[in-house]
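Student: Let me give you the structure first, and then I'll get to my questions.
In full-length UniProt numbering, the protein residues as written are 1 to 257.
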């Protein structure tokens, strides 16, 4: 982490204008500031995960280790449910992998912006890439000029601020979880949290179809053993979204030069 917090300086452009001359420290702090509003939703999410993990019978050290290694709120919540249900390890791994498939899309979007960086930087930013961090990072994918030079420090600042918040909120949830009665319906907060994250982002017909199909299948397949209904719902939602995307592309009139 940079040791200081200088303000961006103003430098002259080749054409006589002015441009922002950034530094690694300034970009790092800009990334932190970009994530601060999102932390208001991340902190309660991590707290609930910690409580649920402890109440599901997971050792406190394992619940915290998962936040440091997996570092994925949705997958950790689902893993906790599968753990409490005694689901076989192979199904747990496959289900969590399905939930995290979206990270492959995030990585593909970020790859061009990271192509020139050393491998250690690529590995660091890939580890810190989450839903909220990706949302902040994409704002800087079109940077040019001086900002482009230190943009990876912005990515680092955004990612590490979210990582720190997630670890601390998980730890707080684990410490509080031992005091929370096991019969409290905290599982009810899980779907509410996901609804709050997903619904504002449903802007296209394909996204809406994917959400509706996945929701319907999740309810219809609720009784499947080992919570396999989650996997069926995920696959069904992806399929529905892809079908509508393909239809929209075929229906779009071709433009001629």
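Positions of the beta carbon are idealized from the N, C-alpha and C atoms, including for glycine.
1. To the nearest angstrom, report how far apart residue 156 and residue 26 are at their CA atoms.
2. Please state if the CB of residue 56 and the CB of residue 22 are separated by a distance shorter than 9 angstroms.
3. Beta carbon of residue 71, beta carbon of residue 106: below 9 angstroms?
4. Assuming contact is defined by CB atoms lying nearer than 9 angstroms, are residue 34 and residue 158 in contact in what I supplied?
5. Closer than 6 angstroms by C-beta to residue 167: which residues in its own chain qualify, once you throw out the five before and the five after it? Chain order, please.
6. Give the range of the alpha helix (DSSP H) segment to which residue 38 is assigned.
7. For residue 170 and residue 48, I'd like the C-alpha separation in whole angstroms.
8. Using the Cα positions of residue 174 and residue 246, report the straight-line distance between them to the nearest angstrom.
9. Alpha carbon to alpha carbon, how far is residue 228 from residue 148?
10. Measuring straight from C-alpha to C-alpha, what distance separates residue 244 and residue 98?
11. Answer yes or no: do residue 231 and residue 109 have a C-beta to C-beta separation smaller than 9 angstroms?
12. Check each candidate in 130, 93 and 91 and name the one with the smallest Cα separation from residue 103.
13. Can the beta-carbon of residue 39 be found less than 9 angstroms from the beta-carbon of residue 165?
Tutor: So, to answer that:
1. 12 angstroms
2. no
3. no
4. yes
5. 67
6. For residue 38, the enclosing alpha helix (DSSP H) stretches over residues 24–55.
7. Each residue's alpha carbon lies about 8 angstroms from the other.
8. Each residue's alpha carbon lies about 45 angstroms from the other.
9. 45 angstroms
10. 20 angstroms
11. In this structure, the beta-carbon distance from residue 231 to residue 109 does not fall below 9 angstroms.
12. 130
13. yes
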